[in-house]
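These notes concern the structure reproduced below.
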Amino acid sequence: MVEDTVYEKNYDAFYWADRHIGEDGFIRADCSSPFQNLLIRFAGYQRLLVDLYKHREQVEDLLSIMEEKYFEVIRILAESPVEVIGIDGNVNGRITDPKLFSKYLLPLYQKASEILHSKDKIVSVHMDGALSPLTDLIPETGIDVVEAFTPPPMGDLSLKEARNAWGDRIIIEANFPENVCLQGVDAIKKFTLDILKQVAPGDSFILSVTEDIPYRAPNDVLEASLRAITEVMWKHGRYPIKI
Numbered sequence: 661m662v663e664d665t666v667y668e669k670n671y672d673a674f675y676w677a678d679r680h681i682g683e684d685g686f687i688r689a690d691c692s693s694p695f696q697n698l699l700i701r702f703a704g705y706q707r708l709l710v711d712l713y714k715h716r717e718q719v720e721d722l723l724s725i726m727e728e729k730y731f732e733v734i735r736i737l738a739e740s741p742v743e744v745i746g747i748d749g750n751v752n753g754r755i756t757d758p759k760l761f762s763k764y765l766l767p768l769y770q771k772a773s774e775i776l777h778s779k780d781k782i783v784s785v786h787m788d789g790a791l792s793p794l795t796d797l798i799p800e801t802g803i804d805v806v807e808a809f810t811p812p813p814m815g816d817l818s819l820k821e822a823r824n825a826w827g828d829r830i831i832i833e834a835n836f837p838e839n840v841c842l843q844g845v846d847a848i849k850k851f852t853l854d855i856l857k858q859v860a861p862g863d864s865f866i867l868s869v870t871e872d873i874p875y876r877a878p879n880d881v882l883e884a885s886l887r888a889i890t891e892v893m894w895k896h897g898r899y900p901i902k903i
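Every position in the sequence shown, counted from 1, becomes a number in the working numbering once 660 is added.
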């Protein structure tokens, strides 16, 4: 099945979306690595880890075939008009630990980044999980953006710790933690101010709400959260941040 998969470019979809968004944003394209696809979509955490222990050779044979197809996608994206390319998603250092990351993701990210950088693309990875185990490995990947970086209390790596470890070379696109959004407007504003203090003066930083606000939450929770965050950003978030 994997070997018979055929990928074809569809740049018309980009041009359509770009016309509609205009200057209000930018279009990004995303794909997932073979390992993360097996982990999340096809096998699941337990099944994949058991199979790696009991049937490593067969799993790695499958990963090798999937990687060939993955780089077909990367090369299509490299030739596309899209400027920002997400090369993987849902990375969590407590599951894809440093040993697994170094073996199955790090070389892949390095090669994909090299291909995409040769075409002047910005390379990102959706890393919304626990990242403290991967702190020292992330700068080796060659990626430009850690997208959906989620600080405590949901994540385990603070923005200040990440910035101290990575400098300004890696752009941090931070996700506002879901549970703070459920604590009320005052808590949201206080947390937003704390974020700005940690990242001041604001180089290589984007604040966003990428996920996790419960879909069952009342509509006013999302609206109140975004309004509170925006109010603080308008007042204190202009570059350079001075708090």
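Note that CB positions come from ideal geometry on N, CA and C, so glycine has one too.
Cβ distance (whole Å) where residue i is taken to contact residue j below 8 Å
| i | j | result |
| --- | --- | --- |
| THR852 | MET893 | 7 Å |
| SER792 | ASP828 | In fact, because the Cβ distance is near 20 Å, the residues do not count as touching under 8 Å. |
| GLU833 | SER868 | 6 Å |
| ILE901 | VAL859 | 7 Å |
| ASN750 | MET726 | ASN750 to MET726, Cβ: 16 Å. No contact. |
| LEU842 | VAL881 | 7 Å |
Extent of the continuous alpha helix (DSSP H) run through residue i
| i | result |
| --- | --- |
| ILE803 | No alpha helix (DSSP H) holds ILE803; DSSP gives it neither H nor E. |
| ARG679 | 671-681 |
| THR665 | That residue, THR665, is in no alpha helix (DSSP H); it is neither H nor E in DSSP. |
| ARG887 | 879-896 |
| PHE836 | Neither: PHE836 is in no alpha helix (DSSP H) and is coded neither H nor E. |
| GLN843 | Element bounds for GLN843: n/a, residue is neither H nor E. |
Distance CB(residue i)-CB(residue j) smaller than 9 Å
| i | j | result |
| --- | --- | --- |
| PHE761 | LEU794 | yes |
| GLY789 | ASN824 | no |
| LYS759 | PHE731 | no |
| ILE866 | ILE830 | no |
| ALA738 | LEU776 | yes |
| VAL805 | LYS729 | no |
| PHE702 | LEU765 | no |
| ILE736 | LYS669 | yes |
| ILE848 | SER885 | yes |
| TYR705 | ILE755 | yes |
| PHE674 | PRO741 | yes |
| ASP757 | SER692 | no |
| ARG688 | GLU743 | yes |
Delimiting residues of the beta strand (DSSP E) encompassing residue i
| i | result |
| --- | --- |
| LEU867 | 865-868 |
9 Å Cβ cutoff, residue i in contact with chain B
| i | result |
| --- | --- |
| VAL892 | The chain inventory of the structure shown lacks chain B, comprising one protein chain alone. |
Environment of residue i [buried if 16+ CB atoms lie within 10 Å]
| i | result |
| --- | --- |
| PRO811 | buried |
| LYS779 | exposed |
| TYR667 | exposed |
| ILE681 | exposed |
| ALA677 | exposed |
| VAL840 | buried |
| SER724 | exposed |
| GLY746 | buried |
| GLY719 | In the sequence under discussion, the amino acid at residue 719 is Val, which differs from the Gly named in the question. Buried, because 16 or more other Cβ atoms sit within 10 Å of the Cβ of VAL719. |
| TYR671 | exposed |
| THR890 | exposed |
| VAL785 | buried |
| VAL783 | buried |
| GLY897 | buried |
| THR665 | exposed |
| TYR899 | exposed |
Whole runs of the alpha helix (DSSP H) within the region 727-751, excluding any shorter than 4 residues = Runs found: none.
task = Any chance you could list the alpha helix (DSSP H) runs of at least 4 consecutive residues sitting entirely within the region 684-734, in chain order?
result = Runs found: 705-714.
query = What are the start and end residues of each continuous alpha helix (DSSP H) run of 4 or more residues lying completely inside the region 757-831, in chain order?
reply = The alpha helix (DSSP H) runs of length 4 or more contained entirely in the region 757-831 are, from start to end of the chain, 766-777 and 819-826.
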